[in-house]
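Worksheet: one structure, shown below.
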Amino acid sequence: GAVVSQHPSWVICKSGTSVKIECRSLDFQATTMFWYRQFPKQSLMLMATSNEGSKATYEQGVEKDKFLINHASLTLSTLTVTSAHPEDSSFYICSARDNPMRVGLAAYEQYFGPGTRLTVT
Amino acid sequence: EDQVTQSPEALRLQEGESSSLNCSYTVSGLRGLFWYRQDPGKGPEFLFTLYSAGEEKEKERLKATLTKKESFLHITAPKPEDSATYLCAVQARSIRDTGRRALTFGSGTRLQVQP
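For the protein sequence lines, the chains are A and B, in the order given.
Just so you know, we're using my numbering here: the first sequence kicks off at 1 and counts up by one.
Just so you know, we're using my numbering here: the second sequence kicks off at 1 and counts up by one.
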């Protein structure tokens, strides 16, 4: 259980175009999903928290108009990188948290997707 | 501000050579400390959650322990397949973070086990 998928696993796009990344919880409903980015040999940096049915909460320094997040259902969150530039090239990883009312303490655990490698040329 | 520091940054072991990875943390009320394993080009894989000082958890060759200031990930008789980056993260109990439950990650320890 607690499987999270991401699509695509890698994508190459031209500068100025937009890219959408999907994050799905396959065997549980996730009221909250998180989006991280990771640069080579660095740790994960939280970009935003995605809450089902409401606006995402962005970390300081993350442009909400550039990184659009939609959490339309309990199993799907999307991250759209708009007008991508080479500096947006990175490894984007999502995570999901199970419904706390269902699993108690285990609700604090986050399960991560396999990541999406974005390269902007 | 919550902080997580992992040491060493990199560790090279011979197969069968046991060792420990350290995770020191400062957090305004710990709700949970998490250990993940990350292979190159992949997302983190959940290993353990520790909630209170004195707690220990084991899984195969790995054992995680927790004190009020740090956590250790002990690796007993490692094998080459244990080579990966091990990430430590904390979740705060602060009121400010209520509802978000975001994790603060350390920079990780890159473990290489040679046959």
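The beta carbon of each residue, even a glycine, is placed where N, CA and C say it ideally should be.
Computed from a predicted model, the values in this text were never measured in an experiment.
Find the residues of chain A that neighbour G116(B), judging by a C-beta separation of less than 7 Å, and give them in chain order.
What is shown of chain B runs 1 to 115, which leaves residue 116(B) out entirely.
Confirm, please, whether the CB-CB distance from G115(A) to S95(A) is below 8 Å.
Against the first sequence, residue 95(A) aligns to sequence position 95. Against the first sequence, residue 115(A) aligns to sequence position 115. No. Outside cutoff.
Pair every Cβ in the stretch 23-36 of chain B with every Cβ in the stretch 85-93 of chain B, then say whether three or more of these pairs are closer than 8 Å.
Because the criterion of three Cβ pairs below 8 Å is met, the stretch 23-36 of chain B and the stretch 85-93 of chain B touch.
Drop a sphere of 10 angstroms on the beta-carbon of D78(A), count the other beta-carbons inside from all chains shown, and report buried for 16 or more, exposed for fewer.
Start at 1 with the first residue of the first sequence, and residue 78(A) comes out as number 78. Note that residue 78(A) is Thr in the sequence shown, not Asp. It counts as buried.
Based on the DSSP secondary-structure assignment, which residues constitute the bridge partners of A48(A)?
Residue 48(A) sits at position 48 when you count from the first residue of the first sequence. According to DSSP, A48(A) bridges with W35(A) and Y58(A).
If we ignore side chains and look at the alpha-carbon of each, how far apart do F46(B) and S52(B) end up?
Residue numbering aside, residue 46(B) sits at position 46 when the second sequence is read from its first letter. Residue numbering aside, residue 52(B) sits at position 52 when the second sequence is read from its first letter. Their Cα atoms are separated by approximately 18 Å.
Once DSSP output is grouped into helix, strand and coil, what is the label at E45(B)?
Walking along the second sequence from the start, residue 45(B) turns up at place 45. Three-state DSSP puts E45(B) in a strand.
Would you mind stating whether P115(B) and P80(B) have Cβ atoms separated by less than 8 Å?
Residue 115(B) sits at position 115 when you count from the first residue of the second sequence. Residue 80(B) sits at position 80 when you count from the first residue of the second sequence. Yes. Within cutoff.
By alpha-carbon positions, which one of Q42(A), F34(A), K14(A) and F28(A) ends up nearest to G108(B)?
Position 108 of the second sequence, counted from the start, is the residue given in the question as residue 108(B). Comparing alpha-carbon positions, the option among Q42(A), F34(A), K14(A) and F28(A) lying closest to G108(B) turns out to be Q42(A).
Excluding five sequence neighbours on each side, which residues of the same chain lie with their C-beta closer than 7 Å to the C-beta of Q6(A)?
Walking along the first sequence from the start, residue 6(A) turns up at place 6. Cβ neighbours of Q6(A) beyond the five flanking positions: I21, E22, C23, C94, G113, P114, G115 and T116.
Please state whether DSSP places S109(A) in a helix, a strand or coil.
Position 109 of the first sequence, counted from the start, is the residue given in the question as residue 109(A). Note that residue 109(A) is Glu in the sequence shown here, rather than Ser. E109(A): coil per DSSP, three-state reduction.
Measuring only the C-alpha atoms, how far is N70(A) from E56(B)?
As a first step, residue 70(A) is located in the first sequence; it is residue number 70 there, counting from the start. As a first step, residue 56(B) is located in the second sequence; it is residue number 56 there, counting from the start. So the alpha carbons of these two residues sit roughly 38 Å apart.
Rounded to whole angstroms, what is the Cα-Cα separation between A84(B) and G29(B)?
Counting from 1 along the second sequence, the entry for residue 84(B) is found at position 84. Counting from 1 along the second sequence, the entry for residue 29(B) is found at position 29. Cα to Cα, A84(B) sits roughly 29 Å from G29(B).
In the DSSP assignment, what residue or residues form a beta bridge with E17(B)?
Within the second sequence, numbered from 1, the residue matching residue 17(B) stands at position 17. Answer is none; E17(B) lacks a bridge partner.
For K42(B) and G53(A), I'd like the C-alpha separation in whole angstroms.
In the second sequence, the residue the question calls residue 42(B) occupies position 42. In the first sequence, the residue the question calls residue 53(A) occupies position 53. Their backbone Cα atoms lie some 29 Å apart in a straight line.
Figure out for me which residue from V113(B), L50(B) and Q6(B) has the closest Cα to the Cα of G106(B).
Looking up residue 106(B) in the second sequence gives position 106. For the residues V113(B), L50(B) and Q6(B), the minimum Cα distance to G106(B) belongs to Q6(B).
In terms of DSSP beta bridges, what is A2(A) paired with?
Taking the first sequence and counting its residues from 1, one reaches residue 2(A) at position 2. In DSSP, A2(A) forms no bridge with anything.
Counting only the same chain and skipping the five closest in sequence on each side, list residues whose C-beta sits under 6 Å from that of A106(A).
Here residue 106(A) refers to the residue found at position 106 when the first sequence is read from its first residue. For A106(A), the predicted model reports a pLDDT of 49, less than 50, meaning its position is unreliable and no value from the coordinates is stated.
Apply the 10 Å Cβ neighbour rule to E58(B) and answer buried if 16 or more other Cβ atoms are within range, or exposed otherwise.
Working through the second sequence from its first residue, we reach residue 58(B) at position 58. Looking at its Cβ environment, which holds fewer than 16 other Cβ atoms inside 10 Å, E58(B) is exposed.
Under 8 Å, Cβ to Cβ, is there at least one residue of chain B near G61(A)?
Locating residue 61(A) in the first sequence gives position 61, counting from the first residue. It does not: the Cβ of G61(A) has no partner Cβ on chain B nearer than 8 Å.
Using a Cβ-Cβ distance under 8 Å, would P44(B) count as near chain A?
On the second sequence, residue 44(B) is found 44 positions in, with the first residue counted as 1. Yes, its Cβ sits closer than 8 Å to a Cβ of chain A.
Among the candidates A2(A), V4(A) and S18(A), whose CA atom is the shortest distance from the CA of T121(A)?
For the purposes of this step, residue 121(A) is taken as the residue at position 121 of the first sequence. Among A2(A), V4(A) and S18(A), the Cα nearest to that of T121(A) is on S18(A).
Report the residue from K55(A), C13(A) and P8(A) whose alpha carbon sits nearest the alpha carbon of D88(A).
As a first step, residue 88(A) must be located in the first sequence, where it is residue number 88. Selected option, being the one with the closest Cα: C13(A).
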